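Residue numbers (the numbering used here): 28 to 210. Glycine included, each C-beta is placed from N, C-alpha and C at the ideal position. As the structure is a prediction and not an experimental result, all values here were calculated from the model.
Here it is, written out as C-alpha cells:
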C-alpha cells in the first residue's frame, strides 16, 4: 500500500486478480468435472434402470409362458368327459367279462345294491363306481379292502381294486386275498 495515498499498489492488485482468476478457473474445472461425473452416474443409472425394466418384462413374459404351459399341461393331463366316459365303459365291460366279478353273488351279498333301481340290472356298475372303494367284494375270492390296504399305490391313484388287478395286478403277481392263517 502506498502510504502516502493509502492505495494498494497496482502490482499487488494485478497479482490478486490473477490468483482469483486462477482459483475461479480451477473451480470451474472442478465444477465441470463434477457435472461430467453426475452425467456419467445419471447415464449409468438410466442404463441400469432400462436393464431392470427389460429384465422385469422378460420375467413377466416367462411367468406368463410358464402359467400357460402349466395350464396346457394340466388340460392335457385331464381326460375329457368323453374320455372319462369311455374309460368307465371299458372298465364296466372288463368287470362284466371277468370271472372275478360274480353279479349274482354280489347282489345276494349286498341286497342294498339290488334295491337301488339303477344298479339292480348292472351290479358291476355299482362295484365300479362305489363298491370297490367301500370295501365290498366282487366275489368270494377277491377282498377289495385287503387289496387297497395291501397296495396303497392303488388306493392313492383312486383306482378300483378289481379293475387295477385285472389290468395290472395279476401280471405283477399281487395278492387278492389275505393269506390263510397257518399257511
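- Exposure of residue 87 is indicated by the presence of fewer than 16 other C-beta atoms within 10 angstroms of its C-beta.
- For the alpha helix (DSSP H) assignment, the uninterrupted runs of no fewer than 4 residues enclosed by the region 149-209 are, from N- to C-terminal side, 150-153, 171-177, 179-184 and 188-191.
- For residue 152, same chain residues with a beta-carbon under 7 Å away, outside a window of 5 residues either side, are 119 and 146 in chain order.
- Note on residue 200: under 16 other CB atoms within 10 angstroms of its CB, so exposed under the neighbour-count rule.
- The bridge partners DSSP lists for residue 116 come to none.
- Counting C-beta atoms within 10 angstroms of its own C-beta, residue 107 has fewer than 16 neighbours from the protein chains shown and is therefore classed as exposed.
- Only exposed fits residue 66, as fewer than 16 other CB atoms lie within 10 angstroms of its CB.
- With 16 or more neighbouring CB atoms inside 10 Å of its own CB, residue 140 falls in the buried class.
- Counting only the Cα atoms, residue 202 lies some 7 Å from residue 174.
- A Cβ-Cβ separation of about 7 Å places residue 122 in contact with residue 189 under the 8 Å criterion.
- Taking 8 Å as the cut-off, the Cβ atoms of residue 129 and residue 165 count as close.
- In this structure, the CA atom of residue 82 is about 26 Å from the CA atom of residue 100.
- Residue 68 counts as exposed, since fewer than 16 other C-beta atoms from the protein chains shown sit within 10 angstroms of its C-beta.
- The closest CA to that of residue 131, considering only 180, 84 and 167, is found on 167.
- Within the region 43-113, not a single complete alpha helix (DSSP H) segment reaches 4 residues in length.
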